[in-house]
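Residue numbering for the sequence shown follows the numbering used here, beginning at 45 and increasing consecutively. Yeah, the Cβ is synthetic: ideal placement off N, Cα and C, and Gly gets one too.
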Amino acid sequence: MPDSTKSTAPDILLPTFSSPMSIIVATEKSSNLYEADRLLLNDVAVKWAEATCIAENKPNDGLYLQIKDNVLGLADASEKKVLPVDVDFASPASMYRKQHGGGRKEPIVKAIGLKGNDSWHVVDATPGLGRDAFVMASVGCKVTMIERSPIVAALLEDGIRRLAMHFPELAERITLQHGNSAEVMQYFKGESVNAIYLDPMFPHKKKSALVKKEMRLFQQLLGHDPDADALLPPALKLATHRVVVKRPNSADVLAGEKPSMAIESKKHRFDVYLCQNN
């Protein structure tokens, strides 16, 4: 599992925590996975010490992290019937998407600009639950996710861990850095970056249960992305080929910058900025 790293510049936009988020084991002690859950609990608490603390019982209200059946999830104490949100790169939905009409036919892959057997290095600077990062990795890209929230980063890291158990070749293509993307991209170290993908949080109007649950938890944890415009300038300087910004069809362009072209789908569009940094 890759170590989380931070940029050398101060992460002035990182969220602050008045108190660490509670993390508990919800698996029964009689379960075969209980000991594994306890080990995972300790690993998460140690690595993300500033953002988490071990608790014996879930809180009466607010968000908390839960470990059950060796899976780390984000839960809401006020929603007793709603399952925790976790990162599952190998979920049936992801696998189906990959095997049926996915891969290089995906709009995001076309927007990134992959052709033939290209194997690009892509930075996903706003990974969320990592679904788009998984699509890009599944077509051969090496993907570096940059996540500024320690809680979301912990979820993503757990997703990579579990993906490696079943699809190690895919997990090897996905790495994670913890930090403010706008800062990390300015001081990025390592191999060159062919493309950068941005999908900043945008208020959702739809009422579907999945969108409502995931976006409500994320917006409660992170808020919106009022600083999203700050992502575009460093991305344009770092990428050698393209910067791709995913936006709802009704949304304005990011930072007021007109893209080179746009690829539209039914619900979203991908604004493509061609770069000449190579």
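CB contact flag (V129, E213, <8 Å) = no
Three-state secondary structure (DSSP) at R192?
-> coil
Where does M305 fall in DSSP's three states?
-> strand
Assigned exposure category for G203 - 16 Cβ within 10 Å defines buried | buried
For the beta strand (DSSP E) that P292 lies in, which residues bound it at each end?
-> 283-292
Taking all protein chains shown into account, decide if A93 is buried (16 or more other Cβ within 10 angstroms of its Cβ) or exposed.
-> exposed
Whether Q221 touches I190 by CB criterion (8 Å) = yes
If you compare alpha carbons, which of L207, L261, A295, F211 is closest to E123?
-> L261
Alpha carbon to alpha carbon, how far is I152 from D162?
-> 15 Å
Which partner residues of H165 appear in the DSSP bridge assignment?
-> K186
Going straight from the alpha carbon of E201 to that of N76, what length do you get?
-> 23 Å
Strand pairing of G117, partner residues [DSSP] = Q110
Assigned exposure category for A137 - 16 Cβ within 10 Å defines buried | exposed
Cβ neighbour criterion (16 or more within 10 Å) applied to M180 = buried
Which runs of the beta strand (DSSP E) spanning at least 3 residues fall entirely within the segment 66-98, listed in chain order?
-> 96-98
Output the distance between the C-alpha atoms of A283 and L266, rounded to the nearest integer angstrom.
-> 26 Å
Output the distance between the C-alpha atoms of I111 and D81, rounded to the nearest integer angstrom.
-> 6 Å
Could you tell me whether the segment 278-293 touches the segment 313-320, using the rule of 3 or more Cβ pairs below 8 Å?
-> yes
Would you mind working out which of Y108, K154, L83, M139 sits nearest Y241, comparing C-alpha positions?
-> K154
Cβ-based neighbour list, M65, same chain, cut-off 8 Å, excluding 5 preceding and 5 following = A95, T96, C97, L107, Y108, L109, I195
Cβ-Cβ separation, D113 to T71 (assumed contact under 8 Å), whole Å | 6 Å
Mind checking if I195 is an interface residue toward chain D, Cβ cutoff 8 Å exclusive?
-> The structure shown contains no chain D; it holds only a single protein chain.
Given a threshold of 16 other Cβ atoms within 10 Å of its Cβ, counted over all protein chains shown, does P270 qualify as buried or as exposed?
-> exposed
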